[in-house]
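In the working numbering, the protein residues as written are 4 to 136.
Okay, structure coming up:
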């Protein structure tokens with residue numbers, strides 16, 4: 004999948020290139036050139052999967068060509084292995100139709116763990132595959 008700049012002047016980039024580059028060279032932000040479509044049945048099926056399986060099902064649509072499926076699965080598994088609960092971010096019912104999404108089960112007990120534990124691994128993999136640190 005290619006990612007394009009919101010300003011339209013930067014060359015299209017792969018997921019790994021965008022991950023390492025940050026903002027586009029024209030000052031824009033990178034977005035997918037086409038958004039993957041999930042059918043209602045696919046979305047419903049995600050609710051029955053583990054957090055890691057759901058993350059793979061979604062992320063693999065964006066990372067295609069940048070990371071092998073096995074590498075992406077390994078990064079996802081390692082990223083969330085240190086969480087206190089396999090649910091990673093459980094949705095806890097509070098009653099009367101209210102729910103709370105718990106984002107504090109990661110190693111630093113902060114919401115940022117949900118994204119950064121995986122992002123750091125993907126960043127390191129993209130660098131390593133380019134022979135960089």
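From the three backbone atoms N, C-alpha and C, an ideal C-beta is built for every residue, glycine too. Just so it is clear, the structure is predicted and the values come from calculations on it, not from any experiment.
- DSSP lists 6 as the bridge partner or partners of residue 16.
- Contact annotation: residue 18 and residue 68 have beta-carbon atoms nearer than 9 Å.
- By the Cβ rule, the stretch 64-84 counts as touching the stretch 121-136, because three or more pairs are nearer than 8 Å.
- Restricting attention to alpha helix (DSSP H) runs no shorter than 4 residues, the stretch 39-103 encloses them at 43-49, 54-66, 72-83, ordered along the chain.
- In terms of Cβ geometry, residue 57 and residue 83 do not form a close pair [threshold 9 Å].
- Secondary structure of residue 33 (DSSP, three-state): strand.
- Taking 9 Å as the cut-off, the Cβ atoms of residue 91 and residue 109 count as close.
- Rounded to the nearest whole angstrom, the C-alpha separation of residue 114 and residue 120 is 11 Å.
- Taking 8 Å as the upper bound for CB-CB distance, residue 25 and residue 8 are not in contact here, some 12 Å apart.
- About 4 Å separates the beta carbon of residue 33 from that of residue 6, a gap short enough to meet the 8 Å contact definition.
- Annotated three-state conformation of residue 105 is coil, per DSSP.
- Nearest neighbour of residue 133 by Cα position, chosen from 11, 20, 52, turns out to be 20.
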